[in-house]
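Residue 186 is where the sequence shown starts when you use the working numbering, and the numbers rise one by one after that.
Backbone N, C-alpha and C fix where the C-beta goes; we use that ideal spot for every residue, glycine too.
Computed from a prediction, not measured in an experiment: that's the story for all the values here.
These notes are about the structure you will find just below.
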Amino acid sequence: MTLTTINLAALGQTVNLGTEVTGTLPVPNGGTGLASGTTDQILKFTGSTTLASAAEAAGGKLLQVQSVNFTSGVTSVTTDSFTATEVTDQITPSATNSKILVIFNLSCSQYEDSGSGCKYEAGIYRQINGGGYSRFYAGSGNSYGGYGESSGNTERSSSFPTTMTFLDTTHNTTNAIDYKLYLSLLTASGQGNNVNTGASDQERSVTLIEIGA
Numbered sequence: 186m187t188l189t190t191i192n193l194a195a196l197g198q199t200v201n202l203g204t205e206v207t208g209t210l211p212v213p214n215g216g217t218g219l220a221s222g223t224t225d226q227i228l229k230f231t232g233s234t235t236l237a238s239a240a241e242a243a244g245g246k247l248l249q250v251q252s253v254n255f256t257s258g259v260t261s262v263t264t265d266s267f268t269a270t271e272v273t274d275q276i277t278p279s280a281t282n283s284k285i286l287v288i289f290n291l292s293c294s295q296y297e298d299s300g301s302g303c304k305y306e307a308g309i310y311r312q313i314n315g316g317g318y319s320r321f322y323a324g325s326g327n328s329y330g331g332y333g334e335s336s337g338n339t340e341r342s343s344s345f346p347t348t349m350t351f352l353d354t355t356h357n358t359t360n361a362i363d364y365k366l367y368l369s370l371l372t373a374s375g376q377g378n379n380v381n382t383g384a385s386d387q388e389r390s391v392t393l394i395e396i397g398a
C-alpha cells in the first residue's frame with residue numbers, strides 16, 4: 186500500500202514549505218495552478234522558469250513608449266508637393282520583430298482668399314537610421330486630408346482634426362526610426378493659399394509605442 190495523500194488540516198498539523206519540503210511541488214491533479222495572492226504580493230521564481238520567459242511565449246508586451254508635444258514652430262505649406270513639417274518623433278526598437286504603434290494627433294488649418302475650394306493631403310514618412318525619408322502611410326495612392334469650400338471671392342479659413350494611427354510591422358531594425366508628418370496643398374482643386382500644422386495655440390503630438398512580437 187502506498188500512501189499518496191495526507192490531510193494535514195484534518196490532523197491539525199502544518200508543514201513549512203520553506204524548510205520541511207524538498208524537490209518540486211507539482212500542480213495538483215485537476216488543479217488550475219498557483220492560487221492568486223493579495224495586493225502587493227510578489228510571485229518569485231528561483232529556478233529555470235521565469236515570468237519573463239512566460240511573457241515572451243505569450244507575446245504582445247508593451248516594451249516602450251515615446252511621446253512628444255509641439256506648441257510652437259508651425260509649418261505652412263503652399264505647394265502641391267509633400268513637404269516635411271515639424272511634427273515628428275523618434276524611437277529605437279529593442280527587437281527587429283517588434284511592432285511600432287504610431288499615433289499622430291493635430292488640427293491642420295488651411296486658408297484661401299479666393300476660388301471655390303482648398304484641399305490638402307497628409308501623409309507619414311519614415312526614416313531608418315538616418316537613411317532618408319520615404320512615404321510610409323498613407324500609401325502612395327492614398328492620403329489623409331481635408332477640404333474647405335468658399336463661395337466666390339470670400340475668404341475662408343478652416344481647421345480639421347487630423348488623427349493618423351497605424352501599426353509598423355516592417356521596420357526590421359534596432360536602429361533609430363523617425364516618423365514625420367508631411368503635408369501637400371492640392372492647388373488643382375481650387376486656389377488655396379496654404380495649409381499648416383495648426384494655430385499656435387493648438388498642440389500637436391506624436392506617440393510611438395513598441396509592442397513585443
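### Task
Would you decide whether residue 352 is buried or exposed? Buried here means 16 or more other CB atoms lie within 10 Å of its CB.
exposed
### Message
Looking at chain E, is there any beta carbon in it that lies within less than 8 Å of the beta carbon of residue 307?
### Response
The question asks about chain E, but that chain is absent: this structure has only one protein chain.
### Cut-off 6 Å between Cβ atoms - residues of its own chain near residue 344, not counting five sequence neighbours on either side
292, 294
### Query
To which residues of the same chain is residue 252 closer than 8 Å at the C-beta, ignoring the five residues directly before and after it?
Annotation for residue 252: 274, 390, 391, 392, 393 place their beta carbon closer than 8 Å to its own, counting only its chain and skipping 5 residues before and after.
### Residues that residue 318 bridges to, as DSSP identifies them
Answer is none; residue 318 lacks a bridge partner.
### Query
From residue 386 to residue 256, what does the alpha carbon distance come to, in whole angstroms?
7 Å
### Message
For residue 198 and residue 207, what's the separation of their Cα atoms in angstroms?
### Response
18 Å
### Task
Run the CB neighbour count on residue 365, radius 10 Å, all protein chains shown included, and call it buried at 16 or more, exposed below.
Around the beta carbon of residue 365, 16 or more other beta carbons lie within 10 angstroms, which makes this residue buried.
#### Entry: Local conformation of residue 343 per DSSP, three classes
strand
### Message
In the DSSP assignment, the beta strand (DSSP E) including residue 280 goes from what residue to what residue?
### Response
Per DSSP, residue 280 belongs to no beta strand (DSSP E) and is neither H nor E.
### Message
Residues in the same chain with beta-carbon distance under 7 Å from residue 346, minus the five sequence neighbours each way, listed in chain order, please.
### Response
Contacts found: 292.
### Query
Could you give the C-beta distance for residue 382 and residue 271, rounded to a whole number, given that I count them as a contact under 8 Å?
7 Å
### Message
So, at 6 Å on beta carbons, what are the nonlocal neighbours of residue 350 in its own chain, with the 5 sequence-adjacent residues on each side left out?
### Response
288
### Query
Per DSSP, which one or two residues make a beta bridge with residue 312?
Note: residue 312 sits in a beta bridge opposite 363.
### Task
Enumerate in chain order the residues of its own chain whose CB-to-CB distance from residue 277 is below 6 Å, with the five nearest sequence positions on each side excluded.
361
### Task
Hey, could you find the ends of the beta strand (DSSP E) residue 269 is sitting in?
268 to 276
### Task
Would you mind reading off the limits of the beta strand (DSSP E) that contains residue 381?
379 to 381
### Task
Kindly identify the DSSP beta-bridge partner or partners of residue 395.
249, 285
### Task
Give the C-beta separation of residue 397 and residue 286 to the nearest angstrom, bearing in mind that I take them to be a contact with Cβ-Cβ under 8 Å.
That pair is no contact at about 12 Å.
### Query
Going by other Cβ atoms of all chains shown within 10 Å of its Cβ, with 16 needed for buried, is residue 250 buried or exposed?
By the 10 Å Cβ count, residue 250 comes out exposed.
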